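Visitor: Numbering (the numbering used here), first residue to last: 8 to 146. Below is one structure. I have some questions about it.
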């Protein structure tokens, strides 16, 4: 994609994330329906990349909230060529989420810190609430 198209994809993803954070009922499917007219104005290649990115975000948030995920919602909107990557996201995302909680449970010592709670995860890793043992301060 061109740099301009990537900027548009990022802007749409930001919009989707803000809506997702503010509404417990927002989803990939409802977002697409609400913005169908605007999305149709995008060229086919940009729209395909955007749909894949939005599906990825939706899957990440649903896994974080431990929500039920119906893969057919994504398959009905995305080209067949992307289905394997969606399945991989679903499988690896669920496995990673469970693995992290098993490997780093609350109370696990990590250097001078004791993990208190898994707060969330994103593209760069996992975030924990912890306490510095020597200083007795939460971080």
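For every residue, glycine included, the Cβ atom is placed at its ideal position computed from N, Cα and C. Fair warning: this is a prediction, and the values are worked out from it, not measured in the lab.
In the DSSP assignment, what are the bridge partners of residue 67?
Guide: Your numbering for residue 67 matches position 60 in the chain shown. For residue 67, which the question treats as bridged, DSSP gives no partner whatsoever.
Visitor: Might you give, ordered along the chain, the residues of its own chain that have their beta carbon closer than 7 Å to the beta carbon of residue 55, omitting 5 neighbours on each side?
Guide: For the purposes of this step, residue 55 is taken as residue 48 along the chain shown, with counting starting at 1. Hits under 7 Å: 86.
Visitor: Tell me whether residue 122 sits in a helix, a strand or coil according to DSSP, three-state version.
Guide: On the chain shown, residue 122 is found 115 positions in, with the first residue counted as 1. Three-state DSSP puts residue 122 in a strand.
Visitor: Just tell me which of 25, 68, 38, 13 has its CA closest to the CA of residue 127.
Guide: The residue labelled residue 127 in the question sits at position 120 within the chain shown. Of the listed residues, the one whose Cα sits closest to residue 127 is 68.
Visitor: Using the DSSP secondary-structure output, state which residues sit across from residue 137 in a beta bridge.
Guide: Indexing the chain shown from 1 puts residue 137 at position 130. Residue 137 is bridged to 122.
Visitor: If you draw a straight line from the alpha carbon of residue 134 to that of residue 28, how long is it in whole angstroms?
Guide: Your numbering for residue 134 matches position 127 in the chain shown. Your numbering for residue 28 matches position 21 in the chain shown. Residue 134 and residue 28: Cα-Cα distance of roughly 17 Å.
Visitor: Would DSSP call residue 116 helix, strand or coil?
Guide: Position 109 of the chain shown, counted from the start, is the residue given in the question as residue 116. DSSP places residue 116 in strand when its eight states are reduced to three.
Visitor: For residue 96, does the count of other Cβ atoms within 10 angstroms reach 16, so buried, or fall short, so exposed?
Guide: For the purposes of this step, residue 96 is identified with residue 89 of the chain shown, where counting begins at 1. A residue is called buried once 16 or more other Cβ atoms fall within 10 Å of its Cβ, and residue 96 is buried on that count.
Visitor: Expressed to the nearest angstrom, what Euclidean distance is found between the alpha-carbon atoms of residue 61 and residue 125?
Guide: Taking the chain shown and counting its residues from 1, one reaches residue 61 at position 54. Taking the chain shown and counting its residues from 1, one reaches residue 125 at position 118. Using only the alpha carbons, I get a separation of about 24 Å.
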